[in-house]
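If you count by full-length UniProt numbering, then the sequence shown holds residues 1 to 281, one letter each, in order.
Only one structure is covered here, and it is reproduced in the block below.
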Amino acid sequence: ALRINDLKPTDAADYSVKAENPLGEVESKPTHVKLDRSMGSQDEPVVTGLPDATMGRSEPLTGAPKQQESAPRIVSAPEEVVAGPGSKPEIVAEVAGTPTPELTWLKDGKPITDRDLRTGHVEIVDLPSDKPDTVKQALRINDLKPTDAADYSVKAENPLGEVESKPTHVKLDRSMGSQDEPVVTGLPDATMGRSEPLTGAPKQQESAPRIVSAPEEVVAGPGSKPEIVAEVAGTPTPELTWLKDGKPITDRDLRTGHVEIVDLPSDKPDTVKQALRINDL
């Protein structure tokens, strides 16, 4: 938990948690912390948008995420694709999440636009998936050229959060012909050309981080000690970073004791539960 001791007006802000492991990263939607002067320091904070009342008094939020909903997570994406000039390599990615995530493909960190797609040199193709709540999509490059050699990634977003895959390195090998099958590494299944196991590649049971729960709003009185409790799933265990108005909360901030980060026990497998506590709002 992120714990704030002695809540003050300067603590009223948007807080979020970023989770990262070798398979990807995700950031929660912001939790709005508000100070209500009509409330006392001993009054229980009012928390909205949290599936379970782990923080103070919980009030259902109209349109709040249902428990069966989940932030996007990357199921699979290759690490590298090597193909010959004039070939048609594909980058196939699978993304899970409910509601269905919206996908955006990026080349060297910049979104691939409708204008790029209109030329026909690059295509985005929806593919069938045999996994529930999973979207499978391919980015296809027609007539591979040297300018296509780049890092490609896919960003997935739904109302509960967003996640971006690690980059797929597309390389052009002039020793390969246009009809040679692309060589793909780091993909759990061989959905793209010939797949070669990558040393140290993620095992199938591993997963990118996803936000299990985080409140939408916390309202508390001056001098109170509200907490923001977040649960994050992922294997390997994600590393968490708390942010205030988009900027990381540092060790220096924590040394004052006004803000605390507290690890909490979780009864869910592969899940980290942490609270940010503000002491004396």
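Cβ atoms here follow ideal geometry from the backbone N, Cα and C, with glycine treated the same way.
Every value quoted in this text rests on a predicted model; they were computed, and no experiment measured them.
Query raised in the report: For the 8 Å Cβ check, are there 3 or more pairs between the stretch 9 to 21 and the stretch 243 to 254?
Result: The stretch 9 to 21 is in contact with the stretch 243 to 254.
Report task. Could you pull the start and end residues of the beta strand (DSSP E) that residue 286 belongs to? Result -> Here the chain comprises residues numbered 1 to 281, so residue 286 is not present and cannot be evaluated.
**Report entry** Nearest neighbour of residue 72, chosen from 212, 238, 171 and 219 [CA to CA]
**Finding:** Taking only the C-alpha atoms, the option nearest residue 72 is 212.
Query raised in the report: Whose CA, out of 182, 224, 160 and 248, lies closest to the CA of residue 232?
Result: For residue 232, the nearest C-alpha among the options comes from 160.
Query raised in the report: Could you give the uninterrupted runs of the alpha helix (DSSP H) lying entirely in the UniProt domain "Ig-like" (209 to 281), keeping only those of 4 residues or more?
Result: Considered as a whole, the UniProt domain "Ig-like" (209 to 281) harbours 251 to 255 as its complete alpha helix (DSSP H) runs of no fewer than 4 residues, in chain order.
Report task. Can you grab the Cα-Cα spacing for the pair residue 276 / residue 41, in whole Å? Result -> Computed Cα separation, rounded: 18 Å.
Query - Secondary structure of residue 126, DSSP reduced to three states - result: It is a strand residue.
Query - Exposed unless 16 or more other CB atoms sit within 10 angstroms - verdict on residue 225 - result: By the neighbour-count rule (16 or more Cβ atoms within 10 Å), residue 225 is buried.
Query raised in the report: Grouping DSSP H, G and I as helix and E and B as strand, with all else coil, what is residue 7?
Result: If DSSP states are grouped into helix, strand and coil, residue 7 belongs with coil.
Report task. From the DSSP output, in three-state form, read off residue 72 for me. Result -> Three-state DSSP puts residue 72 in a strand.
Query raised in the report: Could you check where the beta strand (DSSP E) with residue 14 kicks off and where it finishes?
Result: Segment 13 to 21, the beta strand (DSSP E) holding residue 14.
Query raised in the report: Can you list, in chain order, the residues of its chain whose CB lies under 6 Å from that of residue 312, leaving out five sequence neighbours each side?
Result: The displayed coordinates of the chain run from 1 to 281. Any statement about residue 312 would go beyond what the structure contains.
Requested in this report: Count the other C-beta atoms from every protein chain shown that fall within 10 angstroms of the C-beta of residue 148, then say buried if there are 16 or more, exposed otherwise.
Outcome: Classification for residue 148: buried.
Query - Residue from 223, 234 and 262 with nearest C-alpha to residue 270 - result: Proximity to residue 270 across 223, 234 and 262 peaks at 234, based on C-alpha coordinates.
Query raised in the report: Going straight from the alpha carbon of residue 177 to that of residue 94, what length do you get?
Result: Taking the straight line joining both Cα atoms gives about 28 Å.
Query raised in the report: Nearest CA to the CA of residue 131: which residue from 267, 46, 106 and 75?
Result: Closest option to residue 131, Cα to Cα, is 75.
Query raised in the report: Got a sec? Which residues, its chain only, sit under 6 Å from residue 18 by beta carbon, not counting five neighbours each side?
Result: 27 and 241.
Query raised in the report: Straight-line CA distance for residue 106 to residue 25?
Result: The straight-line gap from Cα to Cα measures roughly 16 Å.
Query raised in the report: Start and end of the beta strand (DSSP E) containing residue 158?
Result: 150 to 158 is the extent of the beta strand (DSSP E) around residue 158.
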